[in-house]
Structures are given as C-alpha cells and as structure tokens.
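Residue numbers (the numbering used here): 138 to 306. Virtual Cβ for every residue (Gly too), placed ideally from N, Cα, C. For clarity, every value in this text was computed on a predicted model and none was experimentally measured. Data first, discussion second: the structure below is written as structure tokens.
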Amino acid sequence: MRATIILGLDPGLGTTGWGVIRAEGNRLAHLANGRIKTPADVALPARLAQLDAALAALIAEHHPQAAAVEEVFVNTNPQSTLKLGQARGVCLCAAARAGLDVGEYAARAVKKALVGTGGADKAQVQAMVARLLPGAKLAGPDAADALAVAITHAHHLASARLSPLHAIR
138 MRATIILGLD PGLGTTGWGV IRAEGNRLAH LANGRIKTPA DVALPARLAQ LDAALAALIA
198 EHHPQAAAVE EVFVNTNPQS TLKLGQARGV CLCAAARAGL DVGEYAARAV KKALVGTGGA
258 DKAQVQAMVA RLLPGAKLAG PDAADALAVA ITHAHHLASA RLSPLHAIR
C-alpha cells in the first residue's frame, strides 16, 4: 500500500488553517500544520492573492498528492459567508492548479468521521486529532480543524480502496 500525502484546509479570509498528513492505509502520521493569516486592513483582492501565494508555497514545500477542503457553512452575516466562500474558492483553485485531487467535506461530516457525532464541539475534535496524530503540536484551532479535514479525507480514501464496488469502476 502506497503512502499518500494529504493537505487539509480550513478556509477563512482572516485565518486559513492547514495541515499535512501522510496516510498509509489506516496509519496516519502528522507532517506539519499551521495558519495562513491575511491582514484585515488590506484590500480583499490583495488578501486573496496573499492566500493563493501562501498555498502555492505550501504545496511546493510538502508535495501533497491530494487535498481536502472544508465546505462553507452559512452564518447569520451574509458578508462573512461571502468572504469565507471567496477564501474557499482560492483554496480549491490553488489545489486544482497543482493537479491535486480535492475532497470537500461539510463540518458535520468531519465531526462525525472523527468523533462519531456531527454535533461534536471543537474541543472534542481537537482531542481526537491529538489522539490520532500523537505528538503533533497544533498551531491553533484552525490548524486542528484542517488536520481533521485531512484525516476525514484519508478515511474516505481508505474506504474507497477497500470497497469492492470501487474496484469495478
């Protein structure tokens, strides 16, 4: 079984969390994690360009074969949702430009994959990330969420490889 390097992304305009793991079957290993921050006093197009450049540098440094991005949730402020969607679009574009296969996961699906319930809180998700990736020093909740998205994608890939229907396609 070949190892796959997966880049997980938790998009945000102010802070995008990222995490890189190596998955070999059900075995997971933490490689790196962090946050990409863009300053609020900079114009939106420049912030999106900064995010894109930082993602390109991450991809060049870690050479992932796949990426996973958390889907946008709709919150009460439409402007915040729009900005989140634009940051997410940059994440998707950067991964696609690098030729990566991209998985997309709703926050509830990530929580269910890691904790067993879609209603899990951030502390429970962070605890499971720490348990599944022992020794990983988390750069904050955004990075932990990004690692959770990467772990979810790793589980999805492992399940797809094991499924007899997948082999027929």
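Self-check item: Unbroken beta strand (DSSP E) run spanning ALA169, endpoints
Solution: On the sequence shown, residue 169 is found 32 positions in, with the first residue counted as 1. ALA169 -> beta strand (DSSP E) spans 164 to 174.
Quiz item: Is LEU192 near ALA233, with beta carbons less than 7 Å apart?
Solution: Against the sequence shown, residue 192 aligns to sequence position 55. Against the sequence shown, residue 233 aligns to sequence position 96. Not in contact: LEU192 and ALA233 (Cβ atoms no closer than 7 Å).
Quiz prompt | Beta-bridge pairing of ILE158 - partner residues as DSSP gives them | solution = If you number the sequence shown from 1, residue 158 lands on position 21. DSSP lists ILE143, HIS167 as partners of ILE158.
Practice problem: Under the assumption that ALA205 contacts GLY149 (Cβ atoms under 8 Å), give the Cβ distance between them as a whole number of angstroms. | Solution: The sequence position of residue 205 within the sequence shown is 68, counting from 1. The sequence position of residue 149 within the sequence shown is 12, counting from 1. Rounded, the Cβ-Cβ distance is 15 Å, inconsistent with contact.
Quiz item: Out of curiosity, what's the CA-to-CA distance linking VAL179 and GLN223?
Solution: Here residue 179 refers to the residue found at position 42 when the sequence shown is read from its first residue. Here residue 223 refers to the residue found at position 86 when the sequence shown is read from its first residue. A direct Cα-Cα distance of roughly 15 Å separates VAL179 from GLN223.
Exercise. Could you tell me the distance, in whole angstroms, from the CA atom of SER300 to the CA atom of LEU146?
Key: On the sequence shown, residue 300 is found 163 positions in, with the first residue counted as 1. On the sequence shown, residue 146 is found 9 positions in, with the first residue counted as 1. With a pLDDT of only 44 at SER300, under the threshold of 50, the placement of this residue in the model should not be trusted; the figure read from the coordinates follows. Rounded to the nearest angstrom, the two C-alpha atoms are 26 Å apart.
Quiz item: By DSSP, does VAL239 sit in helix, in strand, or in coil?
Solution: Numbered from 1 along the sequence shown, position 102 holds the residue referred to as residue 239. Strand.
Self-check item: ALA197 to LEU237 span [Cα, whole Å]
Solution: Along the sequence shown, one-based indexing puts residue 197 at 60. Along the sequence shown, one-based indexing puts residue 237 at 100. So the alpha carbons of these two residues sit roughly 12 Å apart.
Quiz item: When the Cβ atoms of the region 283 to 290 are set against those of the region 262 to 270, are three or more pairs found closer than 8 Å?
Solution: yes
Quiz item: So is GLN263 buried or exposed if we call it buried at 16+ other beta carbons inside 10 Å?
Solution: Reading the sequence shown from its first residue, position 126 is the one you call residue 263. Flag for GLN263 reads buried.
Quiz item: Can you tell me whether DSSP reads GLU207 as helix, strand or coil?
Solution: Position 70 of the sequence shown, counted from the first residue, corresponds to residue 207. GLU207: strand per DSSP, three-state reduction.
Exercise. With GLN261 as the anchor, note down where its alpha helix (DSSP H) starts and where it stops.
Key: Here the question's residue 261 lines up with position 124 in the sequence shown. Run containing GLN261: 259 to 269, per the alpha helix (DSSP H) assignment.
Quiz prompt | Anticipated Cβ contact below 8 Å, ILE288 with ILE158, distance rounded | solution = As a position in the sequence shown, residue 288 is number 151, starting the count at 1. As a position in the sequence shown, residue 158 is number 21, starting the count at 1. The Cβ separation is near 7 Å, so the contact holds.
Exercise. Using alpha carbons as the reference points, say which of LYS259, LYS220, HIS290 lies closest to ALA177.
Key: One-based indexing of the sequence shown puts residue 177 at position 40. With distances taken between Cα atoms, ALA177 lies closest to LYS220.
Quiz item: Roughly how many whole angstroms lie between the Cα atoms of ALA203 and ALA243?
Solution: Sequence index remark: in the sequence shown, residue 203 carries index 66 (1-based). Sequence index remark: in the sequence shown, residue 243 carries index 106 (1-based). C-alpha separation (whole angstroms): 17 Å.
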